[in-house]
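In this note's numbering, the protein residues as written are -19 to 44. The beta carbon of each residue, even a glycine, is placed where N, CA and C say it ideally should be. Here is the structure we will look at.
Okay, structure coming up:
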């Protein structure tokens, strides 16, 4: 009984998704470009991060 309900609800969601092409585009973007693009872009400058870690190392030498 529960499996049939789950199957019916899943099919209902897929039918609704088929009627909404913009949602399909957003889902495709979220699982492809939104993940792939940040990995290809150069990393921001690490100057501030290195200055902070140097100060931390001076205060707590065993923390690093």
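Go to residue i, then tell me how far its alpha helix (DSSP H) extends in each direction, as first and last residue.
i           : result
residue -15 : -18 to -2
Measure the beta-carbon distance from residue i to residue j and round it to whole angstroms, keeping in mind my assumption that it falls under 8 Å.
i          : j         : result
residue -3 : residue 3 : 6 Å
Taking the alpha-carbon positions, what's the residue i to residue j distance?
i           : j           : result
residue -17 : residue -5  : 18 Å
residue 10  : residue -19 : 34 Å
residue -15 : residue 12  : 31 Å
residue 16  : residue -11 : 31 Å
residue 18  : residue 8   : 16 Å
residue 5   : residue -13 : 24 Å
residue -1  : residue 14  : 23 Å
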